[in-house]
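Residue numbers (our numbering): 2 to 269.
We treat Cβ as the ideally placed atom computed from N, Cα and C, and that holds for glycine.
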């Protein structure tokens, strides 16, 4: 089996998963394909032939950060192919946010995920810049990017963040800007430390347009992501494989680009 990395997977603790998934569905006015539970995701991953996943959850309150980070670490424990990101929250005291970052390595977490729109913080806010600069070599900052109702995660802000943190690897989700794909390419293609992922993008783009955007962004910096539980992993694999890309380009998006960024190896 060829390795495949899904770099954009939301997972929630059992007690809040149903509420969290319903809330996301209401916000985006979309039906959800999964439950957000680890067991459901693992089954969907296997059915789609996905070998590796990057998991995360977003803290909407400061007091959620430590429990989320521990939960993400627990999800990956003794599960080959699973990698996780932690989180921080802009409402945290500076010392607490620093301590949360310092704990990432001990927990086995590979960076942080932030959602500017849900956390009410601009992508180029001093808090985000400070957190990005404090990440250690090899750690990644993954940001939700683009929202038709807010400019907090606008690609222009992500460009300013990237320029302020040129040593930090940043993944701007949704091909750099959900619903703002062409703007995202213009603003982010020239940022060598910014990657994009395909999550919540392919369902809204014609195949030719999606392929053009990915090439214009820079195919070596595009990762495959499903945005589970929003979309079916199987369906997103089919969408990616239907694009007019060379097989070598598809393989780069499905595996080698992300494996290089997250320092992953195929499962023996």
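- Contact between the stretch 194 to 211 and the stretch 167 to 178 is present: three or more C-beta pairs spanning the two stretches fall below 8 Å.
- Under DSSP, the beta-bridge partners assigned to residue 229 are 10.
- Secondary structure of residue 171 (DSSP, three-state): strand.
- Using a 10 angstroms sphere on the CB of residue 4, the tally of other CB atoms reaches 16 or more, which defines it as buried.
- The criterion of a C-beta distance shorter than 8 Å is satisfied by residue 90 and residue 62.
- Of the candidates 53, 216, 218 and 101, 53 places its Cα closest to the Cα of residue 81.
- Bounds of the beta strand (DSSP E) holding residue 113 are 112 to 115.
- The criterion of a C-beta distance shorter than 8 Å is satisfied by residue 66 and residue 60.
- Inclusion of residue 186 and residue 159 in the CB contact set at 8 Å is not warranted, their separation being larger than that value.
- If only complete runs of 4 or more residues are kept, the stretch 121 to 166 shows the alpha helix (DSSP H) at 127 to 135 and 156 to 165, in order along the chain.
- Of 103, 79 and 78, the smallest CA-CA separation from residue 88 is found for 103.
- Residue 259 carries a helical assignment under DSSP once its states are collapsed to helix, strand and coil.
- Contact between residue 7 and residue 227 is confirmed by a C-beta separation of about 5 Å, below the 8 Å threshold.
- If you ignore the 5 residues before and after residue 221, its C-beta comes within less than 7 Å of the C-beta of 253 and 258, all in its own chain and listed in chain order.
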